[in-house]
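So the protein lines, in turn, are chains L and A. With my numbering, you'll find the first sequence wraps up at 198, consecutive numbering, no jumps. With my numbering, you'll find the second sequence wraps up at 648, consecutive numbering, no jumps. Even glycine gets a Cβ: it sits at the ideal position worked out from N, Cα and C. Worksheet: the structure to be examined is printed underneath.
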Amino acid sequence: MHIDNSQPLEYSTQQNQLNILGFWIFLGAEIMLFATLFTAYFTLEGRTGSGPAPAEIFEITPVLIETLVLLTSSFTIGLGIHAMRLGRKNAMLTFFAITLLLGLCFLGVEIYEFMHYYHVGATYQTSAFTAALLTTLGTHGGHVTLGLFWGTFIILQVKKRGLTPETANKSFIFSLYWHFLDVVWIFIFSFIYLKGMM
Amino acid sequence: MEFFERFAIPHPSPAIYASMVAIVLVSIGIVAGLTYFKKWGYLWREWLTTVDHKKIGIMYLVSALLMLFRGGADAIMMRAQLSAPDMKLLDAQHYNEIFTTHGVVMIIFMAMPFIFAFMNLIVPLQIGARDVAFPRLNALSFWLFFAGAMLFNISFVIGGSPDAGWTSYFPLAGNDFSESVGTNYYMLAIQISGIGSLMTGINMCTTILKMRAPGMTLMKMPMFTWSAFIANVIIVFAFPVLTVALIMGTTDRLFATNFFTTSNGGMDMLWANFFWIWGHPEVYILILPAFGLYSEIISTFSRRNLYGYSSMVWSMVLISLLSFLVWTHHFFTMGQGALTNSIFSITTMAIAVPTGVKIFNWLFTMWKGKIRFTVPMLYSIGFIPLFTIGGVTGVMLAMSAADYQYHNTMFLVAHFHNTIIPGVVFAMLAGLTFYWPKFFGFMLNEKIGKVTFWLLTVGFVLAFFPMYITGLDGQARRMYTYSEATGFGALNMLSFVGAALMAIGFVTIVYNVYYSFKNSSRDIGSDPWDARSLEWATHTPVPEYNFARTPQISSSETFWDSKKNGHVLFKGEIEEIHMPNNSGVPFVMGIIFFIAGFSFIFALWVPAVIGLIGIFICMAMRSFEKDHGRHISVKEIKETEEKLGGAK
Numbered sequence: 001m002h003i004d005n006s007q008p009l010e011y012s013t014q015q016n017q018l019n020i021l022g023f024w025i026f027l028g029a030e031i032m033l034f035a036t037l038f039t040a041y042f043t044l045e046g047r048t049g050s051g052p053a054p055a056e057i058f059e060i061t062p063v064l065i066e067t068l069v070l071l072t073s074s075f076t077i078g079l080g081i082h083a084m085r086l087g088r089k090n091a092m093l094t095f096f097a098i099t100l101l102l103g104l105c106f107l108g109v110e111i112y113e114f115m116h117y118y119h120v121g122a123t124y125q126t127s128a129f130t131a132a133l134l135t136t137l138g139t140h141g142g143h144v145t146l147g148l149f150w151g152t153f154i155i156l157q158v159k160k161r162g163l164t165p166e167t168a169n170k171s172f173i174f175s176l177y178w179h180f181l182d183v184v185w186i187f188i189f190s191f192i193y194l195k196g197m198m
Numbered sequence: 001m002e003f004f005e006r007f008a009i010p011h012p013s014p015a016i017y018a019s020m021v022a023i024v025l026v027s028i029g030i031v032a033g034l035t036y037f038k039k040w041g042y043l044w045r046e047w048l049t050t051v052d053h054k055k056i057g058i059m060y061l062v063s064a065l066l067m068l069f070r071g072g073a074d075a076i077m078m079r080a081q082l083s084a085p086d087m088k089l090l091d092a093q094h095y096n097e098i099f100t101t102h103g104v105v106m107i108i109f110m111a112m113p114f115i116f117a118f119m120n121l122i123v124p125l126q127i128g129a130r131d132v133a134f135p136r137l138n139a140l141s142f143w144l145f146f147a148g149a150m151l152f153n154i155s156f157v158i159g160g161s162p163d164a165g166w167t168s169y170f171p172l173a174g175n176d177f178s179e180s181v182g183t184n185y186y187m188l189a190i191q192i193s194g195i196g197s198l199m200t201g202i203n204m205c206t207t208i209l210k211m212r213a214p215g216m217t218l219m220k221m222p223m224f225t226w227s228a229f230i231a232n233v234i235i236v237f238a239f240p241v242l243t244v245a246l247i248m249g250t251t252d253r254l255f256a257t258n259f260f261t262t263s264n265g266g267m268d269m270l271w272a273n274f275f276w277i278w279g280h281p282e283v284y285i286l287i288l289p290a291f292g293l294y295s296e297i298i299s300t301f302s303r304r305n306l307y308g309y310s311s312m313v314w315s316m317v318l319i320s321l322l323s324f325l326v327w328t329h330h331f332f333t334m335g336q337g338a339l340t341n342s343i344f345s346i347t348t349m350a351i352a353v354p355t356g357v358k359i360f361n362w363l364f365t366m367w368k369g370k371i372r373f374t375v376p377m378l379y380s381i382g383f384i385p386l387f388t389i390g391g392v393t394g395v396m397l398a399m400s401a402a403d404y405q406y407h408n409t410m411f412l413v414a415h416f417h418n419t420i421i422p423g424v425v426f427a428m429l430a431g432l433t434f435y436w437p438k439f440f441g442f443m444l445n446e447k448i449g450k451v452t453f454w455l456l457t458v459g460f461v462l463a464f465f466p467m468y469i470t471g472l473d474g475q476a477r478r479m480y481t482y483s484e485a486t487g488f489g490a491l492n493m494l495s496f497v498g499a500a501l502m503a504i505g506f507v508t509i510v511y512n513v514y515y516s517f518k519n520s521s522r523d524i525g526s527d528p529w530d531a532r533s534l535e536w537a538t539h540t541p542v543p544e545y546n547f548a549r550t551p552q553i554s555s556s557e558t559f560w561d562s563k564k565n566g567h568v569l570f571k572g573e574i575e576e577i578h579m580p581n582n583s584g585v586p587f588v589m590g591i592i593f594f595i596a597g598f599s600f601i602f603a604l605w606v607p608a609v610i611g612l613i614g615i616f617i618c619m620a621m622r623s624f625e626k627d628h629g630r631h632i633s634v635k636e637i638k639e640t641e642e643k644l645g646g647a648k
């Protein structure tokens, strides 16, 4: 395997460069996926049938916590990648661990939120609006859940194998994924929650 | 429904029972044959675990041909049922199921794998690469497609086929009107193979962007590679829409949500919109690679370089953009208002412009060329007038006001078969004949090939042109019978005769493979057609590593330049080559996806969850795996090269 030392570690082999470009293209597909979900949500937002409307079920506190936690986690994973570029393995691992803990925190609040919806009678089967809401949030939450497992695997690998072109590449790609989830959340926060509460 | 009732066939007929027996007998035959000839190890090592793009391409090719016969059997049954007034061959329900599966099989499980076959076989060779960017992902794509296809194909013997049309419009596809599990099969099978298609899209885009040989700028790529690139960009943007729509359809059916219902706020038109936002680009995913193949074939057999290379590229780019702006023309008559209809009418007609540019470019390529009338060239020459007729009737349909006359009639059926058969099927058969020697080491018989061409062309014209007339006279599509008084009888009989000729034509392809395998010369060299692009510069059969030395590119027809103008294609010494290892994981994942999909279809939650966990474990294993592939030594390469006819 040819390693090009003029490049950052995560770009240093040809396969690494392929992986990163491939992942960007995958993120393009993910944008289409979430764009479709948002389209469905906006189409069905007012179609509440006999169930509740958005303003009746949304609560600002858990949503603010979720937003704060997830935005911070995007910052900490950025610090993790910065530490990786400096070759500081332990700092990087710490920041990755903090990121995943924040992600776990986000997921906990989201589960609380879903239980709240269930208690106020906004279940998956209630109306087109609730189905679209829970599918959009659930898809994002599912991505976060997958990310928690993925991130854990990467931490284990970096710990065991050190910072190699391969582990650096995986970590960098994971950070792209994590930032992407954050961007999607900003759209969810603005156009689902804030719009729904106004 | 009772537990076991769900697995029963809701509308059994002797044909279905016969197919059941046939499936069981063929399966036993395959297992017994593999055991008797001790081929299990070979099958596993060489095919099931392979990550070689050429072998994956061949597996796509074989699957596509098998599915062509499955979809063709549906077609001939439909034409037989309609061949005379008040025919009693099939009942209405059976007819519904057959036109549904015909559409799905032909588009998703025949045409898609056919184009993936050519992308896999040709693209890495045309750009001078060793393999695709992610060989293991490529194998996974194939096995997901295969799992989806098999899942879809068992529907008619376990639980019943989908019966809501290949578009599966809600509320017809909802639980109220489609009670059997048929539509669950539709949702899950297409979902699984669709994930595979998306992965291919990502893989091919990365491959084409990053792995081209030195000197090959984007505007020096061969035309088929360009068409494959554009088609894969469309795949990346179109398939996620289908993914979401299918998930929503699945939850509507399995978990009683209300996305597409007509109660509790559901909106059935949302499905129609999502389906066609994917579905219209889908037709360009199919046709653009077909155009790419025609470009290669026409310039080869006209002995001229492709006329208007850059206009060919830009017209494809334009088509890809427009393909996302026309989906609403599929429901002009479903009440969206005059302004919307007018806008989509104009965007739809606009696609005729870049397509026309391409048609003229092919004509100008042939102009003053020295045309050789080989089988691939015959298909290409037949394609131009037939496809143009299909295009012109498409513009007729694009006029939204006039569409109120054509909508849901046989006129529409005639139009899209008129584009998709000469456009895609002819291209695939032309490509099959053209590339056969490269991958199998012998030529297909030209005489039998010409008989096939004429059977298919005459059969096609007889089968579909009468539909323009019956359609304008008001014969509705999807209607399973009609009375004597309508006067549709004679023209429908003509269609049946045409369909039968086409069926004979497809059988002659199989005979041709058999005949040529027995009789054709194996001594054909690496370039039997005197072709122009890079895939013909390597040996036949293509060695595992494609090229011993990386080719140096100077133009879009570098191989032609190396033959005629003294361009040196291969420079420098042979170095050792890095290749990926085989892996059984993609195949295993295909099986797990099949089991999980089947369990979801029948709402068997325990195996479904186990299946999902299995998929997760496979992904985790991949994350932890350390697999750096292997190296082929210089000595080994030199030996292979000498055996295949000397290092070039």
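Is the Cβ of residue i closer than 8 Å to any Cβ of chain L?
{"i": "A/PHE593", "result": "no"}
{"i": "A/ALA133", "result": "yes"}
{"i": "A/PRO240", "result": "yes"}
{"i": "A/PHE453", "result": "no"}
{"i": "A/ASN546", "result": "no"}
{"i": "A/VAL51", "result": "no"}
{"i": "A/THR368", "result": "First, the amino acid is wrong: residue 368 of chain A is Lys here, not Thr. So no, A/LYS368 is outside the interface."}
{"i": "A/HIS173", "result": "Just to set this straight, residue 173 of chain A is Ala in the shown sequence, not His. Not one chain L Cβ lies under 8 Å of A/ALA173."}
Distance check for residue j and residue i, CA to CA, integer angstroms please.
{"i": "A/PHE331", "j": "A/ILE420", "result": "20 Å"}
{"i": "L/THR164", "j": "A/ARG136", "result": "22 Å"}
{"i": "A/ILE601", "j": "A/ALA608", "result": "9 Å"}
{"i": "A/LYS648", "j": "A/PHE570", "result": "In this prediction, A/LYS648 has a pLDDT of 45, which is less than 50 and means its spatial position is unreliable; nothing more can be read from the coordinates."}
{"i": "L/GLN15", "j": "L/SER6", "result": "16 Å"}
{"i": "A/ASP252", "j": "L/ILE31", "result": "24 Å"}
{"i": "A/MET467", "j": "A/VAL606", "result": "49 Å"}
{"i": "L/GLY147", "j": "L/PHE34", "result": "16 Å"}
{"i": "A/LEU491", "j": "A/THR470", "result": "7 Å"}
{"i": "A/TYR480", "j": "L/PHE180", "result": "50 Å"}
{"i": "A/ALA84", "j": "A/ASP473", "result": "16 Å"}
{"i": "A/ILE298", "j": "A/ASN445", "result": "20 Å"}
{"i": "A/GLN126", "j": "A/VAL451", "result": "31 Å"}
{"i": "L/ILE173", "j": "A/TRP367", "result": "51 Å"}
{"i": "L/LEU199", "j": "A/MET621", "result": "Missing from the structure shown is residue 199 of chain L; chain L here goes from 1 to 198 and no further."}
{"i": "L/ILE25", "j": "A/VAL353", "result": "29 Å"}
{"i": "A/GLY423", "j": "A/PHE411", "result": "18 Å"}
Any Cβ of chain A within less than 8 Å of the Cβ of residue i?
{"i": "L/TYR124", "result": "yes"}
{"i": "L/SER127", "result": "yes"}
{"i": "L/GLN7", "result": "no"}
{"i": "L/ALA29", "result": "yes"}
{"i": "L/PHE75", "result": "no"}
{"i": "L/LEU137", "result": "no"}
{"i": "L/ILE173", "result": "no"}
{"i": "L/ALA55", "result": "no"}
{"i": "L/ILE25", "result": "yes"}
If you follow the alpha helix (DSSP H) that residue i is in, where does it begin and where does it stop?
{"i": "A/ILE247", "result": "223-254"}
{"i": "A/ARG70", "result": "53-82"}
{"i": "A/VAL105", "result": "It is not in any alpha helix (DSSP H) - A/VAL105 carries neither H nor E in the DSSP assignment."}
{"i": "L/ASN16", "result": "14-44"}
Can you name the residues that DSSP bridges to residue i?
{"i": "A/MET579", "result": "A/ARG630"}
{"i": "A/PHE570", "result": "A/PRO551"}
message = Is it the case that the stretch 223-238 of chain A contacts the stretch 278-289 of chain A, given that we only count it when at least three CB pairs across the two stretches are under 8 Å?
response = The answer is yes - the stretch 223-238 of chain A touches the stretch 278-289 of chain A, with three or more Cβ pairs under 8 Å.
query = Between the stretch 574-582 of chain A and the stretch 146-159 of chain A, do three or more beta carbon pairs fall short of 8 Å?
reply = no
query = Are the stretch 105-112 of chain A and the stretch 59-77 of chain A in contact at 8 Å, needing three or more beta carbon pairs?
reply = Segments in contact, yes.
ask   = Are there three or more Cβ pairs, one per stretch, closer than 8 Å when the stretch 302-318 of chain A is compared with the stretch 382-391 of chain A?
value = no
request  = Specify whether the stretch 118-135 of chain L and the stretch 69-85 of chain L touch according to this definition: at least 3 beta carbon pairs, one from each stretch, less than 8 Å apart.
outcome  = no
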